[in-house]
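Novice: Next up is a structure, given as structure tokens.
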Amino acid sequence: MLIGYRTTIRTSTRATPYLLVYENEAVIPAEVEIPSLRIIQEAALSNKEWVHARYEQFMLIDEKRMAIVCHGQLYQHRMVRAFNKKVRTRAFEVGQLVLKQIFPHQEEYKGKFAPNWQGPYIVLKVLSGGALILSEMDGTEWTKPINSDAVKRYYV
22 MLIGYRTTIR
32 TSTRATPYLL
42 VYENEAVIPA
52 EVEIPSLRII
62 QEAALSNKEW
72 VHARYEQFML
82 IDEKRMAIVC
92 HGQLYQHRMV
102 RAFNKKVRTR
112 AFEVGQLVLK
122 QIFPHQEEYK
132 GKFAPNWQGP
142 YIVLKVLSGG
152 ALILSEMDGT
162 EWTKPINSDA
172 VKRYYV
């Protein structure tokens with residue numbers, strides 16, 4: 022099963038993991054029993070021709086790797102673009118009321134039957150990157166910023 026994984030061409034790199042690690046395509050056991058065209062061509066070479074072919078392959082490794090890196094970057098760009106199509110930006114303004122999400126690792130977490138949100142809080146500052154500085158309703162300011170993914174607007 023592992024050889025199947027290592028010898029399958031990945032969409033993200035357009036190469037096999039085996040090729041990326043060992044700089045050579047793997048020969049699967051079935052190709053030893055039933056020779057493929059690639060195996061037959063290699064078997065017909067003399068030692069000098071085989072060494073020359075390996076040297077040419079070795080010289081082309083950098084080109085292959087650069088092509089794989091370029092393809093990987095294009096693939097990542099496509100994935101980011103597809104993901105960002107579905108992302109909805111949420112803009113908060115100073116003075117808005119928000120609720121803060123209670124995560125399971127926090128002290129305020131009381132179990133699955135307790136509320137998931139606490140607040141309301143007032144937005145004091147909107148920082149770059151989607152971070153917010155909140156304050157309690159009585160005016161005490163939080164020292165640590167919170168990510169805007171962990172808050173939602175509170176409508177009165």
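Note that this note's numbering has the sequence shown beginning at 22, numbered continuously upward. By construction, the Cβ of each residue, glycine as well, lies at the ideal position given by its N, Cα and C atoms.
#1: If you draw a straight line from the C-alpha of valine 172 to the C-alpha of isoleucine 143, how long is it?
#2: Helix, strand or coil: how does DSSP classify glycine 93 here?
#3: Please report the distance separating the alpha-carbon of proline 141 from that of lysine 85.
#4: Determine contact between the segment 142-157 and the segment 110-123, defined as no fewer than three beta-carbon pairs at a distance below 8 Å.
#5: Report yes or no: do three or more beta-carbon pairs, one from the segment 159-174 and one from the segment 120-131, lie closer than 8 Å?
#6: Taking C-alpha atoms, which residue in Ala152, Arg102, Arg109 lies nearest to proline 166?
#7: Pick helix, strand or coil for lysine 85, following the three-state DSSP scheme.
#8: Is leucine 155 buried or exposed, if buried means 16 or more other CB atoms sit within 10 Å of its CB?
#9: State the DSSP-derived secondary structure class of proline 38, mapped to helix, strand or coil.
#10: Reducing DSSP to helix, strand and coil, say where glutamine 122 ends up.
#11: Taking only the alpha-carbon atoms, compute the straight-line gap between leucine 41 and glycine 132 and give it to the nearest angstrom.
#12: To the nearest whole angstrom, what separates the beta carbons of isoleucine 89 and arginine 35, a pair I think is in contact under 8 Å?
#13: For tyrosine 130, which residues of its own chain have a beta-carbon under 8 Å away from its beta-carbon, when the five flanking residues on both sides are left out?
#14: Using the C-alpha atoms, what's the distance from glycine 150 back to phenylalanine 134?
#15: Leaving aside the five residues before and after tryptophan 138 along the sequence, list all residues of the same chain whose C-beta is less than 8 Å from its C-beta, in chain order.
Specialist: With the structure as the only source:
#1: 11 Å
#2: helix
#3: 56 Å
#4: yes
#5: The segment 159-174 and the segment 120-131 touch, with no fewer than 3 CB-CB distances between them shorter than 8 Å.
#6: The shortest Cα separation from proline 166 among Ala152, Arg102, Arg109 belongs to Ala152.
#7: Helix at lysine 85.
#8: buried
#9: Judged by DSSP in its simplified three-state form, proline 38 adopts helix.
#10: strand
#11: 47 Å
#12: 7 Å
#13: Within the same chain, tyrosine 130 has close Cβ partners Ile123, Phe124.
#14: 32 Å
#15: Leu120, Lys121, Gln122, Ile123, Lys173
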